[in-house]
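Novice:
Residue numbers (UniProt numbering): 1 to 515.
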């Protein structure tokens with residue numbers, strides 16, 4: 001095989017380094033499949049800016065940080081503003097025109113790749129950034145023209161590079177301070193595309209997404225919120241929450257957790273106990289901290305509730321979706337029955353570029369291995385809950401049948417032979433109920449409730465047995481009574497629904513009494 005010829009050169013000429021224009025598409029819309037993820041990117045940057053403002057003494061604490069999302073449906077504009085440090089005039093242009101070069105790399109900031117600010121570029125006609133830092137006399141503005149970017153990306157000009165698109169599509173301006181804050185940063189989305197039900201201007205969808213993904217505070221209506229916040233407060237940015245307001249609302253956006261879960265309009269489950277856990281890294285340092293809430297485990301929690309799944313968070317911002325840790329559960333279905341979070345603390349467990357998964361390595365594998373017992377615990381609770389529901393359902397069905405059969409006996413329209421068989425069935429049903437009550441997995445409170453109901457039913461059965469009933473056929477000739485009883489026995493025996501059968505016989509008895 002011939003050896004490759006060696007290029008005898010000390011280096012490359014700048015002209016030989018070519019960054020193609022398609023890189024811009026990869027860094028913007030191709031990175032963010034879900035349009036709503038752009039709110040995560042801008043809020044993530046805003047929280048880092050608020051933290052920097054606290055460190056610089058511009059804000060007393062992150063509690064004084066403010067992130068505002070304002071939607072203008074008429075002019076089709078979205079403005080996201082924070083009162084963080086802002087970008088100083090002298091660094092604004094460099095920061096706005098850099099790609100994949102963030103000053104945050106190597107720090108504990110949430111963002112570090114330097115591409116998130118372009119996340120909306122593929123979804124808007126114009127993308128505008130404005131900012132100033134304390135002491136600046138001007139507000140600087142950078143405007144990206146999304147239409148120009150799209151046109152140049154679609155062209156067949158192979159000589160166009162990233163630099164040529166920036167020159168054509170970006171405009172820099174100096175603005176008078178006017179009513180702008182003394183330090184701030186804002187991004188404005190002008191004429192966002194109408195996607196699905198206009199998601200980028202849909203306040204309900206935006207609030208739902210932000211509440212689940214972003215570092216919002218727990219709602220006052222969530223009884224476990226304070227305990228969880230205390231747990232996380234020991235772990236830096238994992239425990240920080242920020243005030244995010246949409247359209248000037250007085251209340252900030254809260255996390256979606258409440259004291260109950262709505263399965264349907266008529267079915268809900270109460271959250272009953274909190275379990276916390278910590279995971280060590282390979283070298284013994286804290287790798288993650290998490291929490292899990294046990295509830296009634298009635299089945300898969302509806303996605304619209306915004307709480308299902310054991311969710312991953314870094315810097316208190318969600319990574320991926322509610323099924324990210326699906327593999328830790330013995331059965332996939334139990335993932336959707338779960339309510340909990342894992343806050344990753346190990347800096348070697350890094351979200352990927354899209355922030356929809358983690359980069360695979362041994363440190364992530366260590367966390368997953370430690371989460372398997374958590375998944376097994378949830379599965380065990382789910383199975384126990386299913387067994388309890390089945391026993392309770394057996395109890396309730398038996399109780400209903402006892403009352404149905406008592407009503408038949410009290411009606412007095414059946415033969416002694418058939419009445420004897422019904423009494424035997426009542427005895428069997430009461431035995432089933434006693435067996436259900438003695439199920440060892442029921443909690444004491446549940447067992448007491450069931451025993452009280454069983455005693456009430458037993459008293460009703462005893463009261464019937466000791467009560468002398470009159471003969472409802474006394475107005476009929478004695479020779480016809482046995483025949484009617486046989487007919488009514490047949491109706492009950494052949495009917496699928498004894499309640500309907502009793503109603504029919506009641507009408508027949510009423511007709512007979514008037515004949």
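Each residue gets a CB set at the ideal place from its N, CA and C atoms; glycine is no exception. Please read all numbers here as calculations on a predicted model, not as lab measurements.
Could you give the distance in angstroms between the alpha-carbon of residue 376 and the alpha-carbon of residue 122?
Specialist: Those two C-alpha atoms are separated by around 42 Å.
Novice: For residue 125, does the three-state DSSP call read helix, strand or coil?
Specialist: Three-state result, residue 125: strand.
Novice: By the DSSP assignment, the beta strand (DSSP E) with residue 389 in it spans what residues?
Specialist: Per DSSP, residue 389 belongs to no beta strand (DSSP E); it is in the alpha helix (DSSP H), 362-411.
Novice: Using DSSP with H/G/I as helix, E/B as strand and the rest coil, what is residue 233?
Specialist: DSSP places residue 233 in coil when its eight states are reduced to three.
Novice: Do you know whose CA, among 96, 152, 403 and 336, lies nearest residue 143's CA?
Specialist: If we check each option's Cα against that of residue 143, 96 comes out closest.
Novice: Please report the straight-line C-alpha distance between residue 172 and residue 272, rounded to a whole angstrom.
Specialist: If you take the alpha carbons of residue 172 and residue 272, they lie about 55 Å apart.
Novice: Rounded to the nearest angstrom, how far is the Cβ of residue 214 from that of residue 252, given a contact under 8 Å?
Specialist: Contact doesn't hold; Cβ gap of about 11 Å is too wide.
Novice: Which runs of the alpha helix (DSSP H) fall wholly inside the stretch 418-505 and span at least 4 residues, in chain order?
Specialist: Entirely contained in the stretch 418-505, the alpha helix (DSSP H) runs reaching 4 residues are, in chain order, 444-465 and 478-494.
Novice: Which of helix, strand or coil does DSSP assign to residue 290?
Specialist: Residue 290: strand per DSSP, three-state reduction.
Novice: On the DSSP bridge list, what partners appear for residue 305?
Specialist: According to DSSP, which records beta bridges pairwise, residue 305 is partnered with nothing at all.
Novice: Report the CB separation of residue 270 from residue 259 in whole angstroms; it is logged as a contact under 8 Å.
Specialist: Indeed, because the Cβ distance is near 7 Å, the residues count as touching under 8 Å.
Novice: Decide if residue 366 is buried, meaning its Cβ has at least 16 other Cβ atoms within 10 Å, or exposed.
Specialist: Flag for residue 366 reads buried.
Novice: Please report how far the alpha carbon of residue 433 lies from the alpha carbon of residue 395, in whole angstroms.
Specialist: Their backbone Cα atoms lie some 5 Å apart in a straight line.
Novice: Run through DSSP, which three-state label would residue 278 get?
Specialist: The answer is strand: DSSP assigns residue 278 an E or B state.
Novice: Nearest CA to the CA of residue 62: which residue from 422, 52, 68 and 355?
Specialist: Residue 52 is the option with its Cα nearest to residue 62.
Novice: Report yes if the C-beta distance between residue 380 and residue 343 is below 8 Å; otherwise report no.
Specialist: Not a contact, by the Cβ cut-off of 8 Å.
Novice: Among 57, 310, 463 and 320, whose alpha-carbon lies nearest the alpha-carbon of residue 333?
Specialist: Cα-wise, what sits closest to residue 333 is 310.
Novice: Quick one: grab the DSSP three-state call for residue 51.
Specialist: Of the three classes helix, strand and coil, the one that applies to residue 51 here is helix, per DSSP.
Novice: Where does the unbroken alpha helix (DSSP H) through residue 169 begin, and where does it stop?
Specialist: It spans 162-169 - the alpha helix (DSSP H) in which residue 169 sits, taken as one unbroken run.
Novice: With DSSP as the reference, label residue 542 as helix, strand or coil.
Specialist: Missing from the structure shown is residue 542; the chain here goes from 1 to 515 and no further.
Novice: By how many angstroms is the C-alpha of residue 36 removed from the C-alpha of residue 68?
Specialist: Looking at the two C-alpha atoms, the distance is approximately 16 Å.
Novice: For residue 131, which residues of its own chain have a beta-carbon under 8 Å away from its beta-carbon, when the five flanking residues on both sides are left out?
Specialist: Here the set comprises 86, 87, 92, 139, 140, 184, 185 and 186.
Novice: I'd like to check one pair, residue 374 with residue 305: are the Cβ atoms closer than 8 Å?
Specialist: Not a contact, by the Cβ cut-off of 8 Å.
Novice: Let's see if you can read the secondary structure: which residues bound the beta strand (DSSP E) around residue 69?
Specialist: 66-72 is the extent of the beta strand (DSSP E) around residue 69.
Novice: Mapping the DSSP letters down to three states, classify residue 18 as helix, strand or coil.
Specialist: Interpretation of residue 18 is limited by its pLDDT of 48, a score under 50 that renders its predicted location unreliable; the figure taken from the coordinates is listed afterwards. Coil.
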